[in-house]
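Number of protein chains: 2
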Amino acid sequence: MSENVGRWLRDEIENSILSNEFSPGERLDETVLATRFGVSRTPVREALMQLDAIGLIEIRPRRGAVVIDPGPHRVYEMFEVMAELEGLAGSLAARRLDKTSREAITATHGRCEQSAAAGDSDAYYYDNEEFHKAIYAAGRSDFLEQQCLQLHRRLRPYRRLQLRVRNRLSTSFLEHCAIVDAIFAGDGDEARRLLRGHVGIQGERFSDLVASMAAR
Amino acid sequence: MSENVGRWLRDEIENSILSNEFSPGERLDETVLATRFGVSRTPVREALMQLDAIGLIEIRPRRGAVVIDPGPHRVYEMFEVMAELEGLAGSLAARRLDKTSREAITATHGRCEQSAAAGDSDAYYYDNEEFHKAIYAAGRSDFLEQQCLQLHRRLRPYRRLQLRVRNRLSTSFLEHCAIVDAIFAGDGDEARRLLRGHVGIQGERFSDLVASMAAR
DNA sequence: AATGCTATTCTTGTATACACGATTGTTGAC
DNA sequence: GTCAACAATCGTGTATACAAGAATAGCATT
Chain W
1 MSENVGRWLR
11 DEIENSILSN
21 EFSPGERLDE
31 TVLATRFGVS
41 RTPVREALMQ
51 LDAIGLIEIR
61 PRRGAVVIDP
71 GPHRVYEMFE
81 VMAELEGLAG
91 SLAARRLDKT
101 SREAITATHG
111 RCEQSAAAGD
121 SDAYYYDNEE
131 FHKAIYAAGR
141 SDFLEQQCLQ
151 LHRRLRPYRR
161 LQLRVRNRLS
171 TSFLEHCAIV
181 DAIFAGDGDE
191 ARRLLRGHVG
201 IQGERFSDLV
211 ASMAAR
Chain D
1 MSENVGRWLR
11 DEIENSILSN
21 EFSPGERLDE
31 TVLATRFGVS
41 RTPVREALMQ
51 LDAIGLIEIR
61 PRRGAVVIDP
71 GPHRVYEMFE
81 VMAELEGLAG
91 SLAARRLDKT
101 SREAITATHG
111 RCEQSAAAGD
121 SDAYYYDNEE
131 FHKAIYAAGR
141 SDFLEQQCLQ
151 LHRRLRPYRR
161 LQLRVRNRLS
171 TSFLEHCAIV
181 DAIFAGDGDE
191 ARRLLRGHVG
201 IQGERFSDLV
211 ASMAAR
């Protein structure tokens, strides 16, 4: 548990939302949450205020908090922005790559290769996250890294669904290879272009997303 | 005043921070704020939690809240991300431009022209904001627009300082012209490139920024 | 039977009280 | 004279109490 209950509750409720334990549109009753977690309403309210500020829930004055339902279109928009940010991170990584970052990327890339070869989509899901985080870090921009991590976290559930799509695992890894090549070659523009394509959702992948979201 | 005190306080304190009434690094005492605004500590705490979630202040457990000092380097990183997001907005605007957005851009661009011609940097500061907001809206991505507005708001104080730099007003307007041309021509890539250059801080403009920040 | 009004209940919003950890100032020892 | 330890004080963290608005159910009226 974190050092104060409010923060702990924020993480706890955030996880519950991101893992779909609280469904979009669901009402979050302060008293219910308080008794459920065995605390008073005060830290619950503080947690909810923070989640509202982040944009995960909406607090309608005097009418309680509900989990925001982004909807397919909004999720698409979020991937669009994510693609742009990752593109920037990639281009910065290509320009600023140092030994530590290079090793981190190589290591996580290697783990992705193993999971992909094994066809283990759960393992790949995790390794893929680490790979992308390594790129954020390699960009050497704290603010950008922070923004990327936040959006990445928020898109996590949808990303997971997407990996279930046929062949996505192997194509994803092939894209990773090209991205690594571009970054290691110091080609920022190419890294940016590839990452935009890798993260963004174009063409049929949008219908895949919609279908997987509807399936929940 | 907003419908509930917490939200009102959040806006109030946020404005105070962004207008430099609360300096970076300054301690925000809950009791002091409560008495100052004539309310109890409860809504003050809720406001602070939200500002912490947004990233404007940092709440160190049991040690109170302090206004975050981004420092020149972090501000540079923020402008870098802003440039990327505006670039995306511009490219989307070029592709999706409709009559309403076109008129909004034309109108705000016209107002910028007048302020620039008059050499009125305060008026230009305001008109420039509206011009950029018109581009965000033209992109037709609610999420992107939201992100742009949030970051724009956070960078507002630094943007203002920058306009004071010699000749910045006229060069800024010339850049606007090229951006408008690209968007109206439907050239998304060019709009993106120009906006990245317009918003980002390269070369000597970084030292201008540092100097203006130090001057406060 | 359906609809509108009113009263009750339930939930949120704010204030206050209390407890615990951090900070600071003072005193004593080396 | 400086440093350390302890005590007092101050501020944060959580709980609870109270007030006010929103939802709901029941009753009356058409």
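Line by line, the protein sequences give chains W and D.
The first sequence maps to residues 1 to 216 in the UniProt record's numbering.
The second sequence maps to residues 1 to 216 in the UniProt record's numbering.
Glycine included, C-beta positions come from ideal geometry on N, C-alpha and C.
For chain W, is any of its Cβ atoms less than 7 Å away from the one on residue i?
i: E46 of chain D; result: yes
i: F143 of chain D; result: yes
i: V199 of chain D; result: no
i: R74 of chain D; result: yes
i: L194 of chain D; result: no
i: Q50 of chain D; result: yes
i: E58 of chain D; result: no
i: E190 of chain D; result: no
i: V67 of chain D; result: no
i: M82 of chain D; result: no
i: M213 of chain D; result: no
i: residue 228 of chain D; result: Because chain D spans 1 through 216 in this model, residue 228 of chain D falls outside it and cannot be assessed.
i: E77 of chain D; result: yes
With H, G and I counted as helix, E and B as strand and the rest as coil, what does DSSP make of residue i?
i: I17 of chain D; result: helix
i: A185 of chain W; result: coil
i: A215 of chain D; result: coil
i: R166 of chain W; result: coil
i: S141 of chain D; result: coil
Locate the alpha helix (DSSP H) running through residue i, then write down its first and last residues.
i: E130 of chain D; result: S121 to A138
i: I201 of chain W; result: I201 of chain W -> no alpha helix (DSSP H), and no H or E assigned at all.
i: S115 of chain W; result: K99 to A118
Step through the CB atoms of chain D and report whether any lies within less than 7 Å of the CB of residue i.
i: Q114 of chain W; result: no
i: E14 of chain W; result: no
i: residue 238 of chain W; result: As displayed, chain W neither begins before 1 nor continues past 216, which places residue 238 of chain W out of reach and without an answer.
i: E86 of chain W; result: no
i: E3 of chain W; result: yes
i: P24 of chain W; result: no
i: A61 of chain W; result: The amino acid at residue 61 of chain W is misidentified as Ala; the sequence shows Pro. It does; some Cβ of chain D falls within 7 Å.
Any chance the CB of residue i is under 6 Å from a heavy atom of the ligand PLP?
i: L51 of chain D; result: The model depicted lacks the ligand PLP and carries no ligand whatsoever.
Unbroken stretches of the alpha helix (DSSP H), 4 residues or longer, contained in the UniProt domain "HTH gntR-type" (3–70) of chain W: Here the runs fully enclosed are 5–18, 30–37 and 41–54.
Segment contact flag, the stretch 40–49 of chain D with the stretch 4–11 of chain D, C-beta cutoff 8 Å, min 3 pairs: yes
contact_flag[the stretch 103–112 of chain W, the stretch 106–114 of chain D] where n(CB pairs < 8 Å) is 3 or more: no
Three CB pairs or more closer than 8 Å across the stretch 15–28 of chain D and the stretch 191–201 of chain W: no
Given 8 Å, three or more beta-carbon pairs between the stretch 113–131 of chain W and the stretch 164–171 of chain W: yes
Three-pair Cβ contact test at 8 Å for the stretch 72–83 of chain D versus the stretch 170–184 of chain D: no
Three CB pairs or more closer than 8 Å across the stretch 34–41 of chain W and the stretch 92–108 of chain D: no
Touching by the beta-carbon criterion (3+ pairs, under 8 Å), the stretch 76–95 of chain W and the stretch 140–151 of chain D: yes
Inter-stretch contact at 8 Å, needing at least 3 Cβ pairs: the stretch 19–31 of chain W / the stretch 24–32 of chain D: Contact between the stretch 19–31 of chain W and the stretch 24–32 of chain D is absent, because fewer than three Cβ pairs lie under 8 Å.
Contact between the stretch 148–158 of chain W and the stretch 93–102 of chain W (3+ Cβ pairs under 8 Å): Contact between the stretch 148–158 of chain W and the stretch 93–102 of chain W is not established, with fewer than three Cβ pairs separated by less than 8 Å.
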